Amino acid sequence: MDLIVAGDRSELAKARGEGRVALVPTMGALHEGHRSLIRAARGRADQVVVSVFVNPLQFGPNEDFSRYPRTFDADLETCRAEGVDVVFAPSVEAMYQPDRQVEVTSGRMGTIVEGACRPGHFDGVLTVVLKLFNLVRPDLAVFGQKDAQQLALIRRMVADLDLPIEILGVPTVREPDGLALSSRNRYLSAGDRQVALSLSRALLAGVARSTPAEVRAAARAVLDDAPAELAVDYLALVDPATFTEVPDSYDGEAVLAVAAKVGTTRLIDNMIVTLGPRRSA
Ligand code: PAF
90 MDLIVAGDRS ELAKARGEGR VALVPTMGAL HEGHRSLIRA ARGRADQVVV
140 SVFVNPLQFG PNEDFSRYPR TFDADLETCR AEGVDVVFAP SVEAMYQPDR
190 QVEVTSGRMG TIVEGACRPG HFDGVLTVVL KLFNLVRPDL AVFGQKDAQQ
240 LALIRRMVAD LDLPIEILGV PTVREPDGLA LSSRNRYLSA GDRQVALSLS
290 RALLAGVARS TPAEVRAAAR AVLDDAPAEL AVDYLALVDP ATFTEVPDSY
340 DGEAVLAVAA KVGTTRLIDN MIVTLGPRRS A
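In short: position in the sequence shown from 1, add 89, done, that's my numbering.
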């Protein structure tokens with residue numbers, strides 16, 4: 090079947106197929122990480138819908154909304170190659186009413202860690218994700234673990250608002266040298282890219298340890314040794330469901346998350362670490 094491209098809600102409604110529908114929400118500039126989300130969706134549904142929408146609500150006033158990469162023709166090729174059924178690519182006007190008032194609020198969890206650096210970001214993410222859920226009405230929605238706090242908040246929204254949608258998190262795809270794939274990597278110069286490797290190196294050093302104190306110290310040591318061009322926003326070791334810092338006595342899975350600027354490009358990354366006695370079980 091040919092790929093259907095829907096630009097507004099009525100075209101989308103016409104494109105809806107039978108059976109189980111999976112949604113892969115994206116902001117375009119698709120890369121291998123998105124392909125792995127699409128493949129995960131493909132294996133679990135009869136119809137795969139990919140949304141391509143650079144959502145203004147989730148960018149702060151000094152962030153990169155206007156220069157965010159837009160590569161729509163290449164994105165369509167990627168979707169065709171991956172056997173996507175429908176691409177939903179609305180304009181901002183098709184998505185948001187000019188007099189819109191109501192937004193989703195992400196609660197306390199949206200104001201900590203990444204949310205503390207990007208006020209309002211997660212409200213914007215949850216608002217557009219809820220709208221996409223209502224428009225596409227998927228049975229399953231697929232998100233990357235790379236945006237771990239976003240994934241945790243979407244799970245929270247689904248639970249708190251009783252949305253009948255299964256959420257699947259898919260592991261981060263990395264370059265052979267460890268750099269997490271991101272649409273923003275294309276902003277990095279060759280030199281910036283080398284500096285950016287400190288993020289995954291710090292995470293790897295951390296996740297090789299087994300107590301919270303050791304994990305934090307090992308990761309922090311790598312960041313402290315990183316070139317001066319790396320401006321770290323945070324290093325956090327948090328409960329995957331709540332994103333609150335884990336206590337020293339914590340036992341179980343935690344997320345070690347980092348965010349930093351390299352030049353003008355802000356990058357985030359995270360890895361899951363199993364802490365305490367269960368690690369060797
Ligand atoms: O992860 C993203 O690309 C975006 O935050 C999302 C989920 C598509 C919402 O705009």
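For glycine and all other residues, C-beta sits at the position ideal for the given N, C-alpha and C.
Note that this is a predicted model, so its numbers are computed, not measured.
Closer than 7 angstroms: residue i CB and nearest ligand 1 heavy atom
| i | result |
| --- | --- |
| D251 | no |
| V181 | no |
| N144 | yes |
| D236 | yes |
| M400 | Because the chain spans 90 through 370 in this model, residue 400 falls outside it and cannot be assessed. |
| V214 | yes |
| Q239 | yes |
| V175 | no |
| V139 | no |
| Q190 | no |
| V247 | no |
| V94 | no |
| Q283 | no |
| Q186 | no |
| Q136 | no |
| V304 | no |
| V218 | yes |
C-beta contact flag for residue i and residue j at 8 angstroms
| i | j | result |
| --- | --- | --- |
| A134 | A104 | no |
| L92 | C168 | yes |
| F211 | Q239 | yes |
| A95 | V113 | no |
| I357 | E152 | no |
| V335 | V327 | yes |
| V181 | P145 | yes |
| L324 | A306 | no |
Rounded separation between residue i and residue j - CA only
| i | j | result |
| --- | --- | --- |
| D174 | G365 | 44 angstroms |
| V217 | L252 | 14 angstroms |
| V262 | L288 | 14 angstroms |
| V311 | G132 | 39 angstroms |
| M360 | A178 | 31 angstroms |
| L286 | D266 | 8 angstroms |
| A370 | D337 | With a pLDDT of 46 at A370, under the threshold of 50, the predicted position of this residue should be treated as unreliable, though the coordinate-derived value follows. Each residue's Cα considered, the two are about 20 angstroms apart. |
| F232 | L219 | 14 angstroms |
| T194 | T353 | 28 angstroms |
| L101 | D228 | 16 angstroms |
| Y185 | R109 | 27 angstroms |
| D162 | L319 | 33 angstroms |
| R250 | G172 | The sequence shown places Leu at residue 250, not Arg. Those two C-alpha atoms are separated by around 32 angstroms. |
| R117 | T160 | In the sequence under discussion, the amino acid at residue 117 is Gly, which differs from the Arg named in the question. G117 and T160: Cα-Cα distance of roughly 7 angstroms. |
| E121 | N274 | 12 angstroms |
Extent of the continuous beta strand (DSSP E) to which residue i belongs
| i | result |
| --- | --- |
| F222 | No beta strand (DSSP E) holds F222; the alpha helix (DSSP H) holding it covers 210–225. |
| D322 | 319–327 |
| V175 | 175–177 |
| V230 | At residue 230 the sequence reads Ala, which differs from the Val that was named. Unbroken beta strand (DSSP E) run through A230: 229–233. |
| Q373 | With the chain covering 90 to 370 only, the question about residue 373 has no answer from this structure. |
Inter-residue CB distance, residue i and residue j (contact presumed, cutoff 8 angstroms)
| i | j | result |
| --- | --- | --- |
| L242 | L221 | So it is not a contact: roughly 15 angstroms between Cβ atoms. |
| A237 | V344 | 5 angstroms |
Proximity test, residue i beta-carbon vs ligand 3 heavy atom, cut-off 7 angstroms
| i | result |
| --- | --- |
| P150 | With respect to ligand 3, the structure shown offers nothing to examine, as its ligands consist of ligand 1. |
Residue interval of the alpha helix (DSSP H) (run including residue i)
| i | result |
| --- | --- |
| V309 | A small fix is needed here, since residue 309 is Arg in this sequence, not Val. Residues 301–313. |
| D162 | 161–170 |
| G258 | G258 -> not in any alpha helix (DSSP H); beta strand (DSSP E) instead, spanning 255–259. |
Neighbour flag for residue i against chain B, beta carbons, 8 angstroms
| i | result |
| --- | --- |
| R263 | Absence of chain B from the displayed structure is noted, only one protein chain being present. |
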